[in-house]
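Peer 1: Can you keep this structure in mind? I'll have questions shortly.
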Ligand SMILES: Nc1nc2c(ncn2[C@@H]2O[C@H](COP(=O)(O)OP(=O)(O)OP(=O)(O)OP(=O)(O)OC[C@H]3O[C@@H](n4cnc5c(=O)[nH]c(N)nc54)[C@H](O)[C@@H]3O)[C@@H](O)[C@H]2O)c(=O)[nH]1
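Residue numbers (full-length UniProt numbering): 1 to 148.
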């Protein structure tokens, strides 16, 4: 069976009225190649996808429903291979309501970064993830998904 993981692309705006200061949250694994991704993780047996996204975001970043506003109408799917197995990753989009809220990491990650698009794309070195972040940026720059 294919691997399946779910999570959130989380962004914050330091000035809530502007779209030119959007930052994305990326976490760096404390294992393997120390790669950077948004919070996400494997779907447990019987768990629905969005529940997984919330659970993993809480576990990996310490952020929950009280901190995040989910953006309607955005869901991206990535497909890549991990150790010879196909993996599907679903990302919803959410805004950190108060940009001053702290991120709390678990043992699975050793660092995190709030990064603007260009830096986020450098950290997230996979083209499919970079393209997803660029799509998010365009979506937000069109004014979609933003609460003024
Ligand atoms: N010690 C150790 N332990 C590990 C290791 N590996 C896992 N653990 C354990 O698993 C638990 C985590 O479980 P969850 O949190 O539930 O799941 P996920 O969040 O799904 O976690 P993963 O890290 O398994 O999955 P990915 O992020 O998908 O990375 C897998 C590979 O895919 C590539 N890759 C990543 N992102 C992209 C992308 O966007 N685009 C493309 N194209 N490629 C991408 C990249 O090459 C990468 O190496 C940890 O607690 C560990 O116990 C490991 O190497 N050493």
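Think of the CB as a built atom: it goes at the ideal place given N, C-alpha and C, for glycine as much as any other residue.
Within the region 16-46, note down every full beta strand (DSSP E) run reaching 3 residues or more, in order along the chain.
Peer 2: Runs found: 22-29, 40-42.
Peer 1: First and last residue of the alpha helix (DSSP H) that includes residue 136?
Peer 2: Note, residue 136: alpha helix (DSSP H), 127-141.
Peer 1: Out of 60, 26, 34, 128, point me to the one whose CA is closest to residue 104's CA.
Peer 2: With distances taken between Cα atoms, residue 104 lies closest to 60.
Peer 1: Helix or strand or just coil, what does DSSP make of residue 50?
Peer 2: Reduced to three states, the DSSP call for residue 50 is helix.
Peer 1: Could you pull the DSSP bridge partners for residue 157 from this structure?
Peer 2: The requested residue 157 is not part of the displayed model; the chain covers only 1 to 148.
Peer 1: Between 10, 130, 47, 126, which lies nearest to residue 114 when the distance is taken from Cα to Cα?
Peer 2: Nearest of 10, 130, 47, 126 to residue 114, Cα basis: 10.
Peer 1: So, for residue 36: in the same chain, excluding its five sequence neighbours on each side, which residues have a beta-carbon less than 6 Å away from its beta-carbon?
Peer 2: Around residue 36: 26, 28, 123, 124.
Peer 1: Using only the alpha-carbon positions, how far apart do residue 51 and residue 139 sit?
Peer 2: Straight-line Cα distance between these residues: approximately 24 Å.
Peer 1: Per DSSP, residue 78 forms a beta bridge with which residues?
Peer 2: Answer is 89.
Peer 1: My understanding is that residue 87 touches residue 95, with C-beta atoms under 8 Å, so please give their C-beta distance in whole angstroms.
Peer 2: In fact, because the Cβ distance is near 26 Å, the residues do not count as touching under 8 Å.
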